[in-house]
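Reading through the C-alpha cells given below for one structure.
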Amino acid sequence: MSGIFVIAQLDGSIAERIHALQERFDPKLAAELPPHVTLIGSSGAGPIAPDTPMRVLRGAIEPIAAAASPITVRFGHPMRFLQREIVVLPLDPHGPIRALHERLKESGLPYAPARWPFTPHCTLSFYPTLTPESLRQLLAVREKGEWTLSALRVYHTREPQPPALLFDAPLGKKRAKTPS
C-alpha cells in the first residue's frame, strides 16, 4: 500500500514491552515501525494521497497538533479483529483520541476511503497465521501501563520499501512565527 499515514508512536517502557511481544509473535511487523497507534491511514480514514505536497501536509497537520493537548491513555485487553488473524491492544475509541482523529480527518487533506470504522489500537500481530496457542498467549497479555500521546508522526509508505518519516508534529506546541 502506498500513501501517507499519521501515527502516534509509543515510547518508554510500554513501547519496549509491546515491541518485545511483536518480535516474539510477529517479527515482520516488529521490523517495520516501532509500536504505534495509527490515527490516519487505516481505520476511520484511509491513507492520505501520496502526492500531497509537504507544505499542504504541514499546513493541515501541524496546527491540529499544536492545538491539541497531550493525551494519556491505557490499553484495553487484547482483541482479535473479527474473522481476521490480527490481534491488537485497543484504546477507547471515544474522547480525546476520537476528537484528534476527527480533526485530522476533517482537515481537508485528500485520503482514501477507510475499510473499517475508527478503532484506535496498537497491533501486536498482523502477518502470521496464528496457532491456537499463539492466539491464547496474545489474548492473555495485560498491559497495565499508561502512555501519553505527545506527538504525531507523518510517514510516507511505499510498499515494499520501508516507510519514510516526513515530519513530527508535537501536541500542544505552537509553531514559531516566521519573520516576514
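First residue of the sequence shown? That's 633 in this note's numbering, and the numbers climb one at a time after it.
Even glycine gets a Cβ: it sits at the ideal position worked out from N, Cα and C.
Helix, strand or coil at residue i according to DSSP, with G and I counted as helix
i: I718; result: coil
i: S645; result: helix
i: P802; result: strand
i: T684; result: coil
i: F657; result: helix
i: A640; result: strand
i: L665; result: coil
Contact under 7 Å by Cβ, residue i with residue j
i: A890; j: A801; result: Only positions 633 to 812 of the chain appear in this structure, which leaves residue 890 out of reach.
i: E775; j: L723; result: no
i: R712; j: V719; result: yes
i: A783; j: L732; result: no
i: A772; j: S675; result: no
i: P666; j: G804; result: no
Distance between beta carbons of residue j and residue i, contact taken as under 8 Å
i: I636; j: L671; result: Wrong, their Cβ atoms sit about 12 Å apart, outside the cutoff.
i: A662; j: H651; result: 6 Å
i: I639; j: R785; result: 5 Å
i: P752; j: V669; result: 5 Å
i: P592; j: H788; result: Lying outside 633 to 812, the shown extent of the chain, residue 592 is not represented and no answer is given.
Proximity to residue i [Cα-Cα], best of the options
i: S739; options: A700, S645, P685 and I693; result: I693
i: A744; options: P725, R735, P679 and E655; result: P679
key: Segments assigned beta strand (DSSP E), at least 3 residues, entirely inside the region 727-784   = 753-757 and 778-781
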